[in-house]
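Notes for the one structure printed next.
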Amino acid sequence: MTEGAIKLWAVIVSVGAANFLVRLSFIALLANKTMPPLLTRALRYVAVAMITALVLPMVLTTTAAPSVMAFWPNAKLIAALIALTVAFFTRSTGWTLVAGMAALWLLQYLAA
Amino acid sequence: MLPAAAALIPFGLVCGVDAAAVGASPLAAISLSAIVFSGAAQILATQLYGAGAPLAVIVLTCFVIGLRLAMYSAAMAPHLGAFPARWRYLSAFLLTDQAFAATISRFEASTDKNRALSHFVGGGIVLWGGWQLMTMSGYFLGNVIPASWSLEFAVPLCFIALLGPLLRERPAIAAAVASAVAVVLLAGLPMRLNIVVAGIIGIAIGTLAELALERKTAAQEQFR
């Protein structure tokens, strides 16, 4: 094995191990423990807060420092807001995908 | 969870394309995606490896990117406590953004934790298998989907589909708004730390909003 290949395997094993340990962390630590009520409350907001933080950078498409220009005119952001409205009312992943992709294609077509 | 699996197609392809581009062998490429099973970590690991970054830097960066998984781990913990350890380990391995987002409300809503767990593990295995298929396709065939189709947009759309229905109560809306503002303002943080920090801020604001709302309704009851 070349030196590069050895390093690549070291990357695979250590990144894999680190990722698994992060995933396991609280599942292992908090299992079978009674949690303080405030923590149980807080954990209910993990999904809404984390999904928002994950999605927004994906639709703002700029990696540079934040600026007003990142918001306008941004086809992905507009399509994402349309999709969010559809998701709110229909609760359907299928319709959200259809509405979001259709909106993006239309906006890109209009901008071209 | 099927739409989530479909949305992963363009993402998985990119991971495979990246692995081929840095000269990984097919076995290394499939091992990377089979063991790490996280698109963000895989893309970062391959790109940093390709750029010649030291091992410690690669592992640390991927660890920081993976910190959001610790939040999911905490949210899943109270629902998994009753299950044998091997199920908890398996669930931890299958814990991804998509699997978590698609199942956590099921765990919270259902009294039948067995059903929620089978949905999570079953869906997780499907996602894992599909992920391997896609990274391999990307590795051998290249990115077969034209970039002009913008299919990668399906990834945020799947999260948006899960986010929309969560925004019904005021504390949840407060959590989302706080998290959105924070993630933009903190965009300058290194290693995409803004995502996990914004998440924590959103969780705190949501919890505070819930407590404040409760106090307000309690006060109104008193005056009636």
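First to last, the protein sequences are chains S and V. Counting from -14, one number per residue, gives the positions in the first sequence under the working numbering. Counting from 32, one number per residue, gives the positions in the second sequence under the working numbering. By construction, the Cβ of each residue, glycine as well, lies at the ideal position given by its N, Cα and C atoms.
query: Any C-beta of chain S within less than 9 Å: which residues of the stretch 124 to 154 of chain V qualify?; result: 124, 125, 126, 127, 128, 131, 132, 133, 135, 136 and 139
query: What residues from chain V crowd round residue 25/S, counting only those whose CB sits closer than 7 Å?; result: 109
query: Using 8 Å as the threshold, is the stretch 86 to 94 of chain V in touch with the stretch 111 to 128 of chain V, meaning 3 or more CB pairs across them?; result: no
query: Can you list, in chain order, the residues of its chain whose CB lies under 6 Å from that of residue 70/V, leaving out five sequence neighbours each side?; result: 42 and 46
query: Between the alpha carbons of residue 79/V and residue 55/V, how many angstroms are there, rounded?; result: 13 Å
query: Report the residue ranges of all alpha helix (DSSP H) runs contained in full by the stretch 163 to 216 of chain V; include only those spanning at least 4 residues, in chain order.; result: 185 to 194 and 201 to 216
query: Using only the alpha-carbon positions, how far apart do residue 94/V and residue 250/V sit?; result: 45 Å
query: Do residue 210/V and residue 33/S have their C-beta atoms closer together than 9 Å?; result: yes
query: Cα-Cα, which of 19/S, 30/S and 76/S is closest to residue 191/V?; result: 76/S
query: When you compare only the Cα positions, how much space is there between residue 121/V and residue 60/S?; result: 39 Å
query: Between residue 20/S and residue 221/V, is the Cβ-Cβ spacing less than 9 Å?; result: no
query: Would you kindly check if the distance between the Cβ of residue 242/V and the Cβ of residue 38/V is under 9 Å?; result: no
query: What residues from the stretch -10 to 9 of chain S come within 8 Å of chain V, judged by C-beta to C-beta, listed N to C?; result: -10, -8, -7, -6, -5, -4, -3, -2, -1, 0, 1, 3, 4, 5, 7, 8 and 9
query: Output yes or no for whether 9 Å exceeds the beta carbon distance between residue 160/V and residue 35/V.; result: no
query: Would you tell me roughly how many angstroms separate the C-alpha atoms of residue 78/S and residue 150/V, rounded to the nearest one?; result: 17 Å
query: If you run the structure through DSSP and keep just helix, strand and coil, what is residue 136/V?; result: helix
query: In chain order, what residues of the same chain have a beta carbon less than 8 Å from the beta carbon of residue 77/V, not counting five sequence neighbours either side?; result: 46, 49, 50, 52, 53, 55 and 63
query: Below 7 Å on C-beta distance, what does residue 229/V contact in chain S?; result: 38
query: Counting contacts by CB-CB distance shorter than 9 Å, is residue 187/V in contact with chain S?; result: yes
query: Looking at the structure shown, is residue 94/S part of a helix, part of a strand, or coil, going by DSSP?; result: helix
query: Which residues, in chain order, does the stretch 95 to 108 of chain V contribute to contact with chain S at a C-beta distance below 8 Å?; result: 97, 98, 99, 100, 101, 102, 103, 104, 105, 106, 107 and 108
query: Quick check: is the beta carbon of residue 13/S nearer than 9 Å to any beta carbon in chain V?; result: yes
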